[in-house]
Amino acid sequence: MRLEGSIVMSKRGWVIIIITSLIVNVISLQHTIEAYYGREYDAVRTCMIVSMVSVIVALAAYFNWKKLEYNK
Amino acid sequence: MSEQGKKKRQREETEHDMMNLIENLKRGDDVKYNRRAFIKSMTGATVALGLATIPFQIVSANKKADKDARVKIAELASLPKGNSVNFSYPTEADTAILVHTVEGELVAYNNKCTHLQCPVFYEKERDILVCPCHRGFFNIKTGHPMEGPPQRELPLIELEVAGGVVYAVGRKYRHE
Numbered sequence: 001m002r003l004e005g006s007i008v009m010s011k012r013g014w015v016i017i018i019i020t021s022l023i024v025n026v027i028s029l030q031h032t033i034e035a036y037y038g039r040e041y042d043a044v045r046t047c048m049i050v051s052m053v054s055v056i057v058a059l060a061a062y063f064n065w066k067k068l069e070y071n072k
Numbered sequence: 073m074s075e076q077g078k079k080k081r082q083r084e085e086t087e088h089d090m091m092n093l094i095e096n097l098k099r100g101d102d103v104k105y106n107r108r109a110f111i112k113s114m115t116g117a118t119v120a121l122g123l124a125t126i127p128f129q130i131v132s133a134n135k136k137a138d139k140d141a142r143v144k145i146a147e148l149a150s151l152p153k154g155n156s157v158n159f160s161y162p163t164e165a166d167t168a169i170l171v172h173t174v175e176g177e178l179v180a181y182n183n184k185c186t187h188l189q190c191p192v193f194y195e196k197e198r199d200i201l202v203c204p205c206h207r208g209f210f211n212i213k214t215g216h217p218m219e220g221p222p223q224r225e226l227p228l229i230e231l232e233v234a235g236g237v238v239y240a241v242g243r244k245y246r247h248e
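Protein chains in written order, with the working numbering: chain U, 1 to 72; chain F, 73 to 248.
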């Protein structure tokens, strides 16, 4: 990984980030549901924030991957 | 597509079965189910799962905290050891069970099973709370699930005994 204004990484790297985001979101959704039924509303908010950050990271990784994938 | 209509490279060069093993390949599937499609689907799933947490936050933001009212449940004298009585706390819709255990302890829980909301009953012989719908068992001392499908504990009703009368004074959803 090299920083020169934008992050340069291999396609595999971006795919790993997408997979990690997917795992984070699966776990986060499970915790959200558990917290909701346990009426732990602060935990619901925390899980939602984690999920939103994960979504943003996944989308950023996807667009970077797409740029590399179709730039041939 | 007829044999004539096929391009030259698609035509079978021989009638021998072992030479025509690519016949079962579907070009449509190759176009649809490939690495690119998989990564796109994975991104879509990530976004969908992330967005699925939003409704929980919206609903929970509108929920109000319980009002800790003091509600009379029963006279202690009318509840001998090994018996239970049903009541509602904090609202009429939240049914609960007060148990005077075999060991002499007073415990109370909301009696909707945390699996599928069936009513939970006290079983004196085993000193345990049982949900007969799917054979879920809860520890009488803690309200935590011991066996069967329930995964979460029953909400605990906090009790107070004054002048021989048992009162419900609060509720805890998550507890040890």
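Virtual Cβ for every residue (Gly too), placed ideally from N, Cα, C.
Kindly identify the DSSP beta-bridge partner or partners of residue i.
| i | result |
| --- | --- |
| R243(F) | I229(F) |
| E195(F) | I200(F) |
| N106(F) | Its beta-bridge partners do not exist; DSSP assigns none. |
| G208(F) | C203(F) |
| K124(F) | For the sequence presented, residue 124(F) should be read as Ala rather than Lys. According to DSSP, A124(F) bridges with nothing at all. |
Residue i CB to nearest chain F CB: under 8 angstroms?
| i | result |
| --- | --- |
| M48(U) | yes |
| A58(U) | yes |
| N71(U) | no |
| I19(U) | yes |
| I33(U) | yes |
| G38(U) | yes |
Residue i by DSSP, collapsed to three states: which one?
| i | result |
| --- | --- |
| S51(U) | helix |
| M114(F) | helix |
| G180(F) | Correcting the residue type first, residue 180(F) is Ala in the shown sequence and not Gly. Three-state DSSP puts A180(F) in a strand. |
| E164(F) | coil |
| A137(F) | coil |
| E321(F) | Since the first and last residues shown for chain F are 73 and 248, residue 321(F) lies out of range. |
| E69(U) | helix |
Between which two residues does the alpha helix (DSSP H) harbouring residue i extend?
| i | result |
| --- | --- |
| K144(F) | It is not in any alpha helix (DSSP H) - K144(F) instead sits in the beta strand (DSSP E) that spans 143-147. |
| T20(U) | 11-37 |
From this set, the options, which residue's C-alpha is nearest residue i's C-alpha?
| i | options | result |
| --- | --- | --- |
| P221(F) | T214(F), E230(F), R207(F), L231(F) | R207(F) |
| V119(F) | Y37(U), I23(U), V8(U) | I23(U) |
| V50(U) | K66(U), S21(U), W14(U), E69(U) | S21(U) |
| E69(U) | V233(F), R107(F), C203(F) | R107(F) |
| Y245(F) | L29(U), R12(U), I18(U), A35(U) | A35(U) |
| E197(F) | N155(F), I130(F), S160(F), V103(F) | N155(F) |
| P227(F) | S132(F), P127(F), Y181(F) | Y181(F) |
| A43(U) | F128(F), G116(F), R224(F) | F128(F) |
| P162(F) | Q189(F), H247(F), D138(F), K184(F) | D138(F) |
| V157(F) | A117(F), A141(F), H172(F) | H172(F) |
| K135(F) | G38(U), S28(U), W14(U) | G38(U) |
With 8 angstroms set as the bound, which would you pick, yes or no: does the beta-carbon of residue i sit closer than that to a beta-carbon of chain U?
| i | result |
| --- | --- |
| K135(F) | yes |
| Q189(F) | no |
| I111(F) | yes |
| A124(F) | yes |
| L121(F) | yes |
| F159(F) | no |
| F210(F) | no |
| A165(F) | no |
| Y181(F) | no |
| F193(F) | no |
What residue range does the beta strand (DSSP E) around residue i cover?
| i | result |
| --- | --- |
| N158(F) | 155-160 |
| A168(F) | 167-172 |
| E219(F) | 217-219 |
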